[in-house]
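The block underneath contains the structure these notes are about, expressed in structure tokens.
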């Protein structure tokens with residue numbers, strides 16, 4: 001992979017309704033709005049910018065398809081690593097109290113992580129995870 005492609009700077013979610021999306025990410029998840037324009041918003045992040053672009057707006061300006069996926073058809077998972085398994089439980093409780101729709105309570109999974117999963121208003125899947133004792137296991141970088 002060319003080094004320039006490894007420098008991911010933004011993740012842009014393609015959404016149906018930018019107002020609904022901004023409300024969810026600011027009011028429920030606590031993101032701080034960075035920029036707001038017609039059909040577009042992005043949020044302050046650590047290392048990667050999270051952006052949202054309304055499907056009809058990107059279609060009108062670039063010709064990219066605005067075909068909607070069926071409800072509950074996930075096309076991306078945004079993962080957030082927290083420091084400890086206890087942080088997963090704490091954040092799950094805080095976000096659940098704000099009405100964030102989780103698939104269930106946090107659980108320990110066979111990949112040695114404690115995780116919790118929720119969706120945003122456009123069914124973007126989010127994973128909160130923290131490694132359990134021993135970390136990620138026997139993973140390593142593949143050599144070409």
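Residue numbers (full-length UniProt numbering): 1 to 144. All residues carry an ideal CB built from backbone N, CA and C; glycine is no exception. For clarity, every value in this text was computed on a predicted model and none was experimentally measured.
- The beta carbons of residue 14 and residue 77 sit no closer together than 8 angstroms.
- Here the C-alpha atom of residue 38 lies approximately 26 angstroms from the C-alpha atom of residue 100.
- In this structure, DSSP gives residue 120 a state outside helix and strand, which the three-state scheme calls coil.
- By the Cβ rule, the region 12-32 counts as touching the region 51-59, because three or more pairs are nearer than 8 angstroms.
- Spatial neighbours of residue 44 in its own chain (CB-CB distance under 6 angstroms, excluding positions within 5 residues in sequence) are listed in chain order as 32, 34.
- Here residue 107 carries a strand assignment [DSSP, helix/strand/coil].
- In the DSSP assignment, residue 97 falls within the alpha helix (DSSP H) that extends over 85-97.
- Exclusion of the five residues before and after residue 87 leaves 130 as the residues of its chain whose Cβ lies within less than 7 angstroms of its Cβ.
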